[in-house]
Each structure stands twice: as structure tokens, then as C-alpha cells.
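The opening residue of the sequence shown carries number 712 in my numbering; numbering runs sequentially from there. Beta carbons: idealized from backbone N, C-alpha and C, even for Gly.
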Amino acid sequence: MPDVRIAFLHDHSRRASEQMEIDRLLLQKLGSGWPGLLRVYRFSGPCVTVGRTFRQELPKEWGGAPDVAVRPTGGGAVLHGDDLCFSLFLSSRPSASPRFLYPLFHDWIRSFLSELSVEASMQSGTSSAPHPGRLCFEEPVCGDLLWKSRKVMGGALRVTAKGLLYQGSLHVPGYSGDALEEGFVSWYPKTGDVRLRVALEREGILCPA
712 MPDVRIAFLH DHSRRASEQM EIDRLLLQKL GSGWPGLLRV YRFSGPCVTV GRTFRQELPK
772 EWGGAPDVAV RPTGGGAVLH GDDLCFSLFL SSRPSASPRF LYPLFHDWIR SFLSELSVEA
832 SMQSGTSSAP HPGRLCFEEP VCGDLLWKSR KVMGGALRVT AKGLLYQGSL HVPGYSGDAL
892 EEGFVSWYPK TGDVRLRVAL EREGILCPA
């Protein structure tokens, strides 16, 4: 049987509104013949993204955040700058709760961080759903990645009739966004691609054709 691979898109840096619009358009294309897509990108400057149900005022210390965009997923507010962002699109809907994707994807990212000598741990607990009124990196929830007691990776989901979208942000103190991007783009084709595919197949969300 031929392998079913996740398509990989190492995308350009853009403004927050442009990046979120790309994800919205790709979300609408789910179920059009491709099983999945991983898009990796950065923002062209400091900005904020908020979940689609976020209604809280942003902190004043964020400087007014002139570039604010609404994500197609849920969750709270994220201040972006030196982070690396991931959007994973899957055309198959899981039979169980889609929240399994938080620990699955974050554990996969943890294997990448190990290559950088960053030994992250996963936040334990009962709730894996980001609260829509919170500032995402101030309060870890179950499945988030921690390093030196600080949250370094969180994400949010959107489930539709065609599939699901996971959006995540990786910010590691001491590592620039450029360094994270360069390291990930080098790691992914060597081992990351296979590891992600195996993890998704194990959950029954991605199967050989």
C-alpha cells in the first residue's frame, strides 16, 4: 500500500491577519482529496492573535498591539514575536474527542525540542481546552509543554464537518524564532515526518490508502 503522507508547507512570514486568513481558506478546503497538511510559519512583526470567542481586553503592557487578528480556532490571546507557529489540518475526524491531538502533537514537538537539548515536560491536569478569556502563555492547561516551569507550547482546535485544525505556538526562552524555524525545518524531513505520521496512524486518524 502506498504511504499517506502529511503535506508540509514551510511558509513565508506575513502579518497576523494574512496568516489567519490562509488558515481559514485551508480549513474550508479540508476534504478536497488531501489527508493532511502541516503549515509552519512566523509572523512578520510583533502581533497578537485571539481565539474566535475571545472578548477580554488585551493587557496595556502589550503596547496597544496594533496588529491583532482573530484565529479560526478557540482559546485566549497570544502575543507573538520570537515564536514559531504550526497549523495542522487533518481531513479525517477522530471518533473520540479531538482533544487527544493536544498531547499527541505536543509530545511530537517535545521530540524536536530534545534535538535542541531542551527537555520539556507536559502539563498534567484534567482540562485540555484553553479558556477563551485567558492570556494563553500565562496559564498552562493539560497537554501544554513546559520548560523550566514556563509554558513554551500551547495550541487550540477547530473541528468542522470536514475535519479539524490545530494551531500552536512554540516560544522557547533563549532561542530566537529564526533558530527554532531553522532547527525545525532541518529536523522535520529527517525524522519528524515519520514520527508524526506514525503517531496519527496509531490514533486511527491517518491510515494508509
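Contact check between the region 820–829 and the region 786–793: fewer than three CB pairs, one atom from each, fall below 8 Å, which does not count as touching. Within the model, the alpha-carbon separation for residue 904 versus residue 823 is close to 11 Å. Sixteen is the threshold: since fewer than 16 other Cβ atoms of the shown chains lie within 10 Å of the Cβ of residue 859, the residue is exposed. If you look at residue 779, you'll find it in the beta strand (DSSP E) that goes 779–781.
In the DSSP assignment, residue 871 is bridged to 874. For secondary structure counted as the beta strand (DSSP E) over 3 or more consecutive residues, the region 784–811 holds these complete runs in sequence order: 788–791 and 795–801. Sorting 857, 885, 722 and 733 by C-alpha distance to the C-alpha of residue 782 places 733 at the top.
With respect to the C-alpha of residue 749, the residue from 756, 755 and 737 having the closest C-alpha is 737.
Remark: three or more beta-carbon pairs, one from each stretch, lie closer than 8 Å, so the region 878–897 and the region 789–803 are flagged as touching.
Taking all protein chains shown into account, residue 901 has fewer than 16 neighbouring C-beta atoms within 10 Å of its C-beta and is therefore exposed. With fewer than 16 other Cβ atoms from the protein chains shown falling within 10 Å of its own Cβ, residue 767 counts as exposed.
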